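Down below is the structure, laid out as structure tokens.
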Amino acid sequence: MEQFQFQGNLPLFITPCCKEKTTDLGLIPAILRYTDPRISEIYSLSLSKPASFGILSGKYGLIFAEEPIPWYDEVLTLETWRPLTATIKKQLKQFQASEVLYFAKNHHLHQSWEPYYLAIQISCQALNLPYVFIEIPG
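The opening position of the sequence shown corresponds to residue -9 in our numbering, with each subsequent residue numbered one higher.
Here it is in structure tokens:
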């Protein structure tokens, strides 16, 4: 996958991917592939601030909104999240964010969100990168 550069020294807004995706063939920008309104809302919020934006994918780690991705169906689980942290840590170093603001549902109430929460939280802690969890409704 092509790597897109984030603007360094800015907050990085991150939200998990979603199962709702367009089934268009070929590669299309991630912001168009994922159809959950939450993702476009947080992307818009990042554009209104001086912030970068990333989507936490269970398959690719962190991906930029404009990064072209194919359709896929891979869910991060409690059994599979740990290996992805190596990729996420490398990506976070490349993005050179000042802090991570992670927008997600409460993983205590929504168990399927827990692996995504763990992957980003542990990755940020390993890099001593400031991390803020922002609970979204749901």
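Ideal Cβ placement from N, Cα and C applies to all residues, glycine included. Because the structure is a prediction, the values reported are computed rather than measured.
Same chain, Cβ closer than 6 Å to residue i, five either side skipped, listed in chain order
i, result
"Tyr106", "Pro6, Leu46, Leu66"
"Gln101", "none"
Contact under 8 Å by Cβ, residue i with residue j
i, j, result
"Tyr92", "Phe123", "yes"
"His97", "Glu89", "no"
"Ile59", "Leu17", "yes"
Exposure label - residue i; buried when at least 16 CB within 10 Å
i, result
"Ser38", "exposed"
"Ser36", "buried"
"Ala116", "exposed"
"Leu29", "Per the sequence presented here, residue 29 reads as Ile, with Leu not at that position. Classification of Ile29: buried, given that the 10 Å Cβ count is 16 or more."
"Ile126", "exposed"
"Glu57", "buried"
"Thr70", "exposed"
"Ala76", "exposed"
"Gln(-7)", "Bear in mind that the predicted position of Gln(-7) carries a pLDDT of just 44, short of 50, making it unreliable; the figure below should be weighed with that in mind. Label assigned to Gln(-7): exposed."
"Leu99", "exposed"
Where the alpha helix (DSSP H) containing residue i begins and where it ends
i, result
"Leu108", "104 to 116"
"Ile53", "That residue, Ile53, is in no alpha helix (DSSP H); its beta strand (DSSP E) goes 51 to 54."
"Leu74", "71 to 85"
"Leu2", "First-last for Leu2: 1 to 6, but that is the beta strand (DSSP E), not the alpha helix (DSSP H)."
Span of the beta strand (DSSP E) around residue i
i, result
"Tyr92", "89 to 94"
"Tyr121", "121 to 125"
Neighbourhood of residue i by C-beta, 7 Å cutoff - its chain only, sequence neighbours within 5 removed
i, result
"Lys11", "Arg23, Tyr24, Thr25, Trp61"
"Lys49", "Tyr62, Glu64"
"Ile53", "Ala20, Gly44, Ile45, Ser47, Ile59"
"Gly81", "The question names Gly, yet the displayed sequence has Gln at residue 81. Same-chain partners within the cutoff: Gly51, Leu52."
"Tyr33", "Ile21, Phe43, Ala55"
"Pro40", "Leu0"
Sequence-distant residues of its chain with Cβ nearer than 8 Å to residue i (five each side left out)
i, result
"Ile4", "Phe43, Gly44, Ile45, Leu46, Leu52, Val90, Leu91, Tyr92, Phe93, Ile110"
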